[in-house]
Amino acid sequence: MTNNKSCQRASSLASDACERKLSFREWFRLRLHMLMCQNCRNCEDEIHLLHDVLALMRRKNGTFEIDLPQKDRKLIRDALRDIAEE
Amino acid sequence: MLLPPFPVSWQNSGMGGKKSANDRESGDQAGNRNAEEWLTQYGDYLYRYALFRLSNEEIARDMVQETLIAAWKAHEKFRGDSSVRTWLVGIMKHKITDYVRKQIRDRNLASHLETDPTSDFFDANGQWLHPVQGWNDDPERLSSNQEFLQALSTCVAKLPEQHRHVFSLRELSGEDIGSICKACDITPTNLHVIMHRARLALRKCLEKTWFGDK
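Heads up: the sequence lines are chains A and B, in that order. Counting from 1, one number per residue, gives the positions in the first sequence under my numbering. Counting from 1001, one number per residue, gives the positions in the second sequence under my numbering.
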């Protein structure tokens, strides 16, 4: 991974590691590259931070504090009544 | 005319067993359970759930409506093994997956893999074009920060459509890789490529809109 496309490939493997277990060869090459590249270390940290934040939000049922707007609530209520009348 | 209430057997059995604290707190009482009651009690929760995953208010509203209609049509099958909210969310998850599958198939979004947006971040030798700054933040703190969630949602909404759908199913809904590949008609390798591209685009967007001025 010290050849062409090294950082691009490293960031791809760092992302893949969130989805699957890397092979030993992939893992070793990634770690070797990380030893030499601060940019990729930062990128890997950020990918993992984002992944961890989203996992925590799923666990906490994280959602926005936004209510269903009243006009939309009325539209849905009307639709439900239409269906009931069919 | 109100939609039909739950069967009497549910009303007498307190919805048939396990109930979440949320259901108990919301005063889920016998006699007034019907689709309009679900809209009143769970409309906000369902809307937030859909909005977070779809990043579009109009589609989120449609998902709430479709979920409640499907729930009403299928209410006799609900046996009360879970809370009403959990049951409704289960229906909504299927609705969202169906919607995404339809979008990707109807609009042939899988063909968009041919262009590589990550090439914007690297030079011809695959080296970073610009320095990557460190973020140094705490996942626990960020996951509870509504302003950050808004910034993240705005960035997710800016992703190319196919990336947004796949990323949302994987990271926001927590679907497994197999079901996403099946729903979106892509291979696991395609999924890895999409996730990589989506993550780099989100990283760049958040660097500008959130971490840049912190």
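Where is the CB? At the ideal position from N, CA and C, for every residue including glycine. Since the model is a prediction, treat every value here as computed from it, not as a measurement.
- Within the same chain, show all residues whose beta-carbon is closer than 7 Å to that of Asn-1032/B, passing over the 5 residues directly before and after it, in chain order. Caution is warranted here: a pLDDT of 34 is assigned to Asn-1032/B, below 50, making its placement in the model unreliable, and no coordinate value can be reported.
- Task: Just the C-alpha distance for Phe-1052/B and Asn-1190/B, rounded to the nearest angstrom, thanks.
- Result: Rounded to the nearest angstrom, the two C-alpha atoms are 24 Å apart.
- Looking only at C-alpha atoms, which of Asp-82/A, Ala-14/A, Ala-79/A sits nearest to Leu-32/A? Comparing alpha carbon positions, the residue from Asp-82/A, Ala-14/A, Ala-79/A closest to Leu-32/A is Ala-14/A.
- Task: Scan the segment 1156 to 1199 of chain B and note each continuous beta strand (DSSP E) run of 3 residues or more that stays entirely inside, going in chain order.
- Result: Entirely contained in the segment 1156 to 1199 of chain B, not one beta strand (DSSP E) run reaches 3 residues.
- Please confirm if Asp-19/A has its CB atom under 8 Å from at least one CB of chain B. Inspection of the sequence shows that residue 19/A is occupied by Glu rather than by Asp. Among the residues facing chain B, Glu-19/A is included, as its CB has a counterpart in that chain under 8 Å away.
- Task: Round the Cβ separation of Ile-1177/B and Val-1166/B to the nearest angstrom and send it over; I've been treating them as touching at under 8 Å.
- Result: Between Val-1166/B and Ile-1177/B the Cβ distance is about 10 Å, and since that is not below 8 Å, they are no contact.
- Query: Under the three-state reduction of DSSP, which class applies to Ala-1021/B: helix, strand or coil?
  - Reply: Residue placement at Ala-1021/B is poorly supported in this model, since its pLDDT is 43, which falls under 50; the coordinates still yield a value, given next. Ala-1021/B carries a helical assignment under DSSP once its states are collapsed to helix, strand and coil.
- Item | Contacts around Phe-1122/B, its chain only, beta-carbon distance under 7 Å, and the 5 residues preceding and following it disregarded | Only Trp-1128, Leu-1129 meet the Cβ criterion.
- Message: Please state the DSSP three-state secondary structure of Phe-1121/B.
- Response: Correct three-state label for Phe-1121/B: coil.
- Message: With a threshold of 7 Å on Cβ separation, who are the neighbours of Cys-1155/B within its own chain once the five nearest residues in sequence on each side are excluded?
- Response: Cβ within range, chain order: Leu-1202, Cys-1205, Leu-1206, Thr-1209.
- Task: Just mark Thr-1187/B as buried or exposed, buried being the case when its beta carbon has 16 or more other beta carbons within 10 Å.
- Result: Flag for Thr-1187/B reads exposed.
- Task: Under 8 Å between beta-carbons, which chain A residues line up against Asp-1120/B? List them in chain order, please.
- Result: Scanning chain A for C-beta atoms nearer than 8 Å to the C-beta of Asp-1120/B yields nothing, as the closest lies near 11 Å away.
- Report the neighbours of Met-1063/B on chain A: residues whose CB is nearer than 8 Å to its CB, in chain order. Residues of chain A passing the Cβ test: none, with the nearest at roughly 10 Å.
- Message: Among the candidates Thr-1067/B, Asn-1125/B, Ser-1153/B, Lys-1077/B, whose CA atom is the shortest distance from the CA of Asp-1098/B?
- Response: Out of Thr-1067/B, Asn-1125/B, Ser-1153/B, Lys-1077/B, the CA that lies nearest to the CA of Asp-1098/B is found in Thr-1067/B.
- Task: Check whether the Cβ atoms of Ser-1055/B and Arg-1164/B lie closer than 8 Å to each other.
- Result: With respect to the 8 Å criterion, Ser-1055/B and Arg-1164/B are classified as neighbours on the basis of their beta carbons.
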